[in-house]
Amino acid sequence: MAAFSIFVPIHNIALENKKIIKLFKLAAELMELHDENPFKVRSYVNGAAALELMEEPLALKSQAELEGITGVGKSIAARVIEITETGSFTELDQLLSVTPPGVVEMLRIKGIGPKKVRNLWKELGAETVEELLDACEQDKVSKLKGFGAKTQENIKQALLFTQQNRGKLLYAEAESAAQALLEEVQQALPDAEVALVGDVRRCLEIVVKLELVVGTDNPTEAEAALNKLDELQQDELNSGPMVWRGKHTLSGLATEIRFASPANFQNERFIRSSSPAHLSQVFAANKNMLTVTREGSHSSEKDIYAAAGMAYIVPELREGANELQLAMENKLPKLLELGDLKGILHNHSTYSDGAHTLEQMATYCRDMGYQYLGISDHSKTAAYAGGLREGDVLRQQKEIDELNQKLAPFKIFKGIESDILGDGSLDYEEDILKTFDFIVASIHSNLNMDEQKATARLITAIENPYTTMLGHPTGRLLLRREGYPINHRMVIDACAANNVIIEINSNPWRLDLDWRWVHYALEKGVMLSINPDAHHTSGYDDMRYGVLVGRKGGLTKEMTFNAKTAEEVAAYFKARKEKIK
Numbered sequence: 001m002a003a004f005s006i007f008v009p010i011h012n013i014a015l016e017n018k019k020i021i022k023l024f025k026l027a028a029e030l031m032e033l034h035d036e037n038p039f040k041v042r043s044y045v046n047g048a049a050a051l052e053l054m055e056e057p058l059a060l061k062s063q064a065e066l067e068g069i070t071g072v073g074k075s076i077a078a079r080v081i082e083i084t085e086t087g088s089f090t091e092l093d094q095l096l097s098v099t100p101p102g103v104v105e106m107l108r109i110k111g112i113g114p115k116k117v118r119n120l121w122k123e124l125g126a127e128t129v130e131e132l133l134d135a136c137e138q139d140k141v142s143k144l145k146g147f148g149a150k151t152q153e154n155i156k157q158a159l160l161f162t163q164q165n166r167g168k169l170l171y172a173e174a175e176s177a178a179q180a181l182l183e184e185v186q187q188a189l190p191d192a193e194v195a196l197v198g199d200v201r202r203c204l205e206i207v208v209k210l211e212l213v214v215g216t217d218n219p220t221e222a223e224a225a226l227n228k229l230d231e232l233q234q235d236e237l238n239s240g241p242m243v244w245r246g247k248h249t250l251s252g253l254a255t256e257i258r259f260a261s262p263a264n265f266q267n268e269r270f271i272r273s274s275s276p277a278h279l280s281q282v283f284a285a286n287k288n289m290l291t292v293t294r295e296g297s298h299s300s301e302k303d304i305y306a307a308a309g310m311a312y313i314v315p316e317l318r319e320g321a322n323e324l325q326l327a328m329e330n331k332l333p334k335l336l337e338l339g340d341l342k343g344i345l346h347n348h349s350t351y352s353d354g355a356h357t358l359e360q361m362a363t364y365c366r367d368m369g370y371q372y373l374g375i376s377d378h379s380k381t382a383a384y385a386g387g388l389r390e391g392d393v394l395r396q397q398k399e400i401d402e403l404n405q406k407l408a409p410f411k412i413f414k415g416i417e418s419d420i421l422g423d424g425s426l427d428y429e430e431d432i433l434k435t436f437d438f439i440v441a442s443i444h445s446n447l448n449m450d451e452q453k454a455t456a457r458l459i460t461a462i463e464n465p466y467t468t469m470l471g472h473p474t475g476r477l478l479l480r481r482e483g484y485p486i487n488h489r490m491v492i493d494a495c496a497a498n499n500v501i502i503e504i505n506s507n508p509w510r511l512d513l514d515w516r517w518v519h520y521a522l523e524k525g526v527m528l529s530i531n532p533d534a535h536h537t538s539g540y541d542d543m544r545y546g547v548l549v550g551r552k553g554g555l556t557k558e559m560t561f562n563a564k565t566a567e568e569v570a571a572y573f574k575a576r577k578e579k580i581k
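Take the sequence shown: its letter number 333 is residue 333 in UniProt numbering, and every next letter is one higher.
In structure tokens, the structure reads:
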């Protein structure tokens, strides 16, 4: 497995801050791994927690300003300065130098902390994830104190899942890396046309490869220029006269850069920005888009579709579903845009596990130009996340009433992310459930279910009259863990029958509902809500990823719940509650 990478793309303030915080958290884990002074470990954990509360860019602050942040002392402030200047800090570099990369990678295994990783390393002698997987398969891990057969199996499954996803990145990470690479290639080849294509241009949730097309009459010179870029490492054996293949060293992604003559640039751009299914689907007289493209040199992608007698299809829709037929009939949907959204639902505050107060979350949302915020902190079963007990619910709702007077016409809607229990019930009694404007019902516990159990559990929750919205339907964490298996058709049908909205959770790790099921939800008349699941004001920026997921599935403004105005949302919630008998 590849060596551990701390690459974090930077395309906004939130990600810049996240990079700094991530390095402190890694340092704390490595200190615990090496059994260092627990008070020192705690200082890094506390420092990271304090930095997480900051909305301003840390990289622009002076040492004195950083020391002025509550919970940040002189040493943490000095390390922030060092990170902004060098990309790391000395103590972290020293810890990484004495830790095998494979052991660092083990820290990412869900469910085991640094102390258990230390046991696996020191007692088993496992220094790579491959060695650890082998130890699991030989039943050695279960014999260690504090592990057992169940933990061993969980580690094994996590490692197998990681192996399958080696060399892949979330769209949110890859997009930034791809944009940076595009700019570098454009600078290296100022006289050539250069375009991003492939997974990133089609907005796939997981990116396997970075792809570019270069329009040039001199591919040999272009190749030489690419090989001068520090972030590109060529695989000469698999490259050819018209294609550069290798690796983007900053992100670790496989990279493919194709050369095309200027006359053929748009043809190549189109082919590399479309799925095989989109290109090969026969639409008329044994024709497909690949044959149409190769019938001549086209001046643009719109020209290619026009030659096929179709309306232009945006790259994110080029997946081989029904988009060609819709384009021929000029019936393509007007896809949702970020600017269509009027409010942000499913958010967390310091009442549960959020980083910011309710008022901070609300004012930041308002200042971004939104009309309303739906607060939906964790419910009482999620004790690990500071879930709200009944008294907390009433206290929060009182504060919401006060803030609504203070912030009007901006509106805060009273919500909760209620845990779906094992039997499908919600985790409050009716006297509390009826106090909310809306309820997001989500599964957070007992995730090891078969399809029948998971589907039945969800449908029971959907049939609860107080459930307004279904949260992250499969519970997946992309590249971290698979979601529990569900029968999507049955779940969506149940939402249609019970007038329950389904969220597209915009967190880049989730993007759940999967875009492949958006079309079926729309077909059944189920509204979708683009929800960031924000635990920090920076989480609001994730809304754009949810929009991209919706667009891939053909989502329109009309079928997006939070494209409604504050007045429309209030009326919807009121009417729905009035129907509960």
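Where a beta carbon is used, it is the ideal one built from N, C-alpha and C, also for glycine. The structure presented is a predicted model; accordingly, all values stated were derived computationally and were not measured.
{"Asked": "Residue burial classification, Gly-87 (beta-carbon count within 10 angstroms, cutoff 16)", "Found": "exposed"}
{"Asked": "Cys-365 versus Met-469: straight-line alpha-carbon distance, rounded", "Found": "21 Å"}
{"Asked": "Proximity of Trp-515 and Leu-478 at Cβ, strictly below 8 Å", "Found": "no"}
{"Asked": "Span of the alpha helix (DSSP H), counted from its first residue to its last, around Val-569", "Found": "566-578"}
{"Asked": "DSSP state of Lys-19 mapped onto helix, strand, coil", "Found": "helix"}
{"Asked": "For Ser-75, the first and last residue of its enclosing alpha helix (DSSP H)", "Found": "74-86"}
{"Asked": "Beta-carbon proximity of Ile-412 to Ile-439, cut-off 8 Å", "Found": "no"}
{"Asked": "Buried or exposed (CB count within 10 angstroms, at least 16 for buried), Pro-315", "Found": "buried"}
{"Asked": "Opposing strand residues paired with Asp-512 [DSSP bridges]", "Found": "Asn-505"}
{"Asked": "Residues of its chain near Lys-209, where Cβ-Cβ distance is below 8 Å and the 5 sequence neighbours each way are ignored", "Found": "Gly-198, Asp-199, Leu-253, Ala-254, Thr-255 and Glu-256"}
{"Asked": "Endpoints, the alpha helix (DSSP H) within which Gly-471 is located", "Found": "Run containing Gly-471: none; DSSP gives neither H nor E here."}
{"Asked": "Whole-angstrom C-beta distance between His-278 and Arg-318, which should lie under 8 Å", "Found": "4 Å"}
{"Asked": "Segment contact flag, the stretch 181-200 with the stretch 260-280, C-beta cutoff 8 Å, min 3 pairs", "Found": "yes"}
{"Asked": "Per DSSP, cross-strand counterpart(s) of Asn-531", "Found": "Asn-505"}
{"Asked": "Counterpart residues of Gln-234 in DSSP-defined beta bridges", "Found": "Gly-246"}
{"Asked": "Where Phe-265 falls, given that 16 or more other Cβ within 10 Å makes a residue buried", "Found": "buried"}
{"Asked": "Inter-residue Cα distance where the pair is Gln-63 and Asn-505", "Found": "37 Å"}
{"Asked": "Within 8 Å, strictly: CB atoms of Glu-451 and Asn-498", "Found": "no"}
{"Asked": "Residue burial classification, Gln-325 (beta-carbon count within 10 angstroms, cutoff 16)", "Found": "exposed"}
{"Asked": "Residue closest to Glu-221, alpha-carbon to alpha-carbon, out of Gly-483, Gln-138 and Pro-241", "Found": "Pro-241"}
{"Asked": "Residue from Tyr-370, Asp-367, Ala-158 and Asp-392 whose Cα sits closest to the Cα of Ser-379", "Found": "Asp-392"}
{"Asked": "Coarse secondary structure for Arg-258, derived from DSSP in three states", "Found": "strand"}
{"Asked": "Continuous alpha helix (DSSP H) assignments of at least 4 residues falling wholly in the stretch 138-178", "Found": "149-164"}
{"Asked": "Assigned exposure category for Leu-133 - 16 Cβ within 10 Å defines buried", "Found": "buried"}
{"Asked": "Residue burial classification, Asn-448 (beta-carbon count within 10 angstroms, cutoff 16)", "Found": "exposed"}
{"Asked": "Burial state of Val-282 (16 or more Cβ within 10 Å)", "Found": "exposed"}
{"Asked": "Contacts around Val-80, its chain only, beta-carbon distance under 7 Å, and the 5 residues preceding and following it disregarded", "Found": "Ile-20, Leu-58 and Leu-66"}
{"Asked": "Own chain residues within Cβ distance below 7 Å of Thr-455, not counting five before or after", "Found": "Ile-486, Asn-487, Met-490 and Val-491"}
{"Asked": "Secondary structure of Ile-420, DSSP reduced to three states", "Found": "strand"}
{"Asked": "Backbone secondary structure at Phe-39 - three-state DSSP", "Found": "helix"}
{"Asked": "Contact set for Met-543: own chain, Cβ-Cβ below 8 Å, skip 5 residues either direction", "Found": "Leu-338, Leu-341, Ile-344, Ser-506, Ile-530 and Pro-532"}
{"Asked": "Chain-order list of residues whose beta-carbon lies under 7 Å from that of Thr-565 (same chain, five-residue window excluded)", "Found": "Lys-342 and Gln-371"}
{"Asked": "Where Lys-581 falls: helix, strand or coil (DSSP)", "Found": "coil"}
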